[in-house]
Amino acid sequence: MQANNPAPAPGFSNTGYAPGNQAPYGHPQYAAGNFYGTTPAGPYAYQAQPMGNPSGAAVPPIQNQPPGAIWMPIPPPIPNCPPGLEYLTQIDQILIHQQLELLEIFIGLESNNKYEIKNSLGQRVYFAAEDTDCCTRNCCGPARPFTIKIMDNLGHEVIRLERPLRCSSCLFPCCLQEIEIQAPPGTPVGYVVQNWHPCLPKFTIQDEKRMDVLKISGPCVVCSCCEDVNFEVKSLDEVSNVGRISKQWSGFLKEAFTDTDNFGVSFPMDLDVKMKAVMLGACFLIDFMFFESIGDSQQRAGVWQ
Numbered sequence: 394m395q396a397n398n399p400a401p402a403p404g405f406s407n408t409g410y411a412p413g414n415q416a417p418y419g420h421p422q423y424a425a426g427n428f429y430g431t432t433p434a435g436p437y438a439y440q441a442q443p444m445g446n447p448s449g450a451a452v453p454p455i456q457n458q459p460p461g462a463i464w465m466p467i468p469p470p471i472p473n474c475p476p477g478l479e480y481l482t483q484i485d486q487i488l489i490h491q492q493l494e495l496l497e498i499f500i501g502l503e504s505n506n507k508y509e510i511k512n513s514l515g516q517r518v519y520f521a522a523e524d525t526d527c528c529t530r531n532c533c534g535p536a537r538p539f540t541i542k543i544m545d546n547l548g549h550e551v552i553r554l555e556r557p558l559r560c561s562s563c564l565f566p567c568c569l570q571e572i573e574i575q576a577p578p579g580t581p582v583g584y585v586v587q588n589w590h591p592c593l594p595k596f597t598i599q600d601e602k603r604m605d606v607l608k609i610s611g612p613c614v615v616c617s618c619c620e621d622v623n624f625e626v627k628s629l630d631e632v633s634n635v636g637r638i639s640k641q642w643s644g645f646l647k648e649a650f651t652d653t654d655n656f657g658v659s660f661p662m663d664l665d666v667k668m669k670a671v672m673l674g675a676c677f678l679i680d681f682m683f684f685e686s687i688g689d690s691q692q693r694a695g696v697w698q
């Protein structure tokens, strides 16, 4: 008698995502620290993303790469995918490395932040650069409004992050933090808004229509002392884990004398590509809110500072 094949979990494209099923050993999507296997509740279903070149031919790598830089091969265009986000359809983890600015170390003036965004293989996917004026950076500090432009390896701006000037304390629950994610620039694909809570960092991920999609919850004490700080991405009912945003411990010297941070963002491979971009934007908002510092000022330790 032929065995019945189990049906895939709702919103996923294969049975490997069904709750209770074990992933095959060595599958890159289930590397250590990843924790998929449950389908979050809510109106935003996961959408399976096509992978690879539809014609079956391998996509050639970018030529003439600068020394030391390994770039992710350019993926083919995908229908209904914002241009430039095709890279995100092929990965389930993003590594964000803030670049060290020597000017900040020697004279204490805050400069525009710059970041390399890589996949789990160390290949560069995007490059991000803050675009704010000197007065705003050094007067408003980590609470400053900003524009961050995220460009692909060809120099095309594919994502823009817009953070307005908002209150940085939960003492003012009517004007908390938020960030708008645009892809391509000028076209909103989602928002991340801070939710009032007496002691926990909490956020809601929204789609382009301001409909709630996912939740983010952080620890009570947001302090990176010799260990990673994890912000869990959950379903709307906060029962199922969907992903994680992690501030990674960079070592004592780097943590003590610079404000350059490393982050990791993990999500299901077949999460809607727009929501992957919004989670990327959430990572930058969390960085500025809790881990950015100016001069001798220390990072925030919670929602009340």
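Each residue of the sequence shown is one higher than the one before, counting from 394 in the working numbering. C-beta atoms are modelled at their ideal positions from N, C-alpha and C, and glycine is treated no differently.
Each of P472, Q492, D630 and P466 was checked against the Cα of I484, and the nearest Cα belongs to P466. In this structure, the straight-line span from the alpha carbon of Y508 to that of H490 is close to 5 Å.
In this structure, K542 sits away from E555, with a CB-CB distance that is not shorter than 8 Å. For M544, the secondary structure class from DSSP, reduced to helix, strand or coil, is strand.
Judged by DSSP in its simplified three-state form, R603 adopts coil rather than helix or strand.
In this structure, DSSP gives T597 an extended state, which the three-state scheme calls strand. Excluding its 5 nearest sequence neighbours in each direction, G611 has C-beta neighbours in its own chain below 6 Å: P594 and F624, listed in chain order.
In this model, V671 and C532 are separated by some 28 Å (Cα to Cα). With contacts defined as CB atoms closer than 8 Å, K667 and G583 qualify as a contacting pair.
Of the candidates V614, Q492, P468 and I463, Q492 places its Cα closest to the Cα of F656.
DSSP places F520 inside the beta strand (DSSP E), whose first and last residues are R517 to E523. If the five residues before and after I598 are omitted, its C-beta is found closer than 8 Å to the C-beta atoms of G583, Y584, V585, D605, V606, L607, K608, I609, V626, M668, V671, M672 and A675, all from its own chain and listed in chain order. By the Cβ-count criterion, N506 is buried, with 16 or more other Cβ atoms from all chains shown falling within 10 Å of its own Cβ. Under the three-state reduction of DSSP, V551 is assigned to strand. For G674, there is no enclosing beta strand (DSSP E); the enclosing alpha helix (DSSP H) covers residues V666 to F683. Straight through space, the alpha carbons of D526 and N546 are spaced by roughly 25 Å. Residue range N634 to Q641 is occupied by the beta strand (DSSP E) that includes R637.
DSSP, read as helix, strand or coil, puts P661 in coil. Under the three-state reduction of DSSP output, L493 falls in the coil class, being neither helix nor strand.
Residue state for G534 is assigned as helix, using DSSP reduced to three classes. Restricting attention to L481, K602, M544 and P557, the CA atom closest to the CA of S659 is found in L481. Going by C-alpha positions, R553 is about 30 Å away from C592. According to the DSSP secondary-structure assignment, E573 is paired through a beta bridge with E555 and Y584. With fewer than 16 other CB atoms across the displayed protein chains lying within 10 angstroms of its CB, K602 is exposed.
In the structure shown, E625 falls within a strand segment according to DSSP collapsed to helix, strand and coil.
Residue environment for E573: buried (at least 16 other C-beta atoms within 10 angstroms of its C-beta). Within a 10 Å sphere around the beta-carbon of G477 sit 16 or more other beta-carbons, which makes this residue buried.
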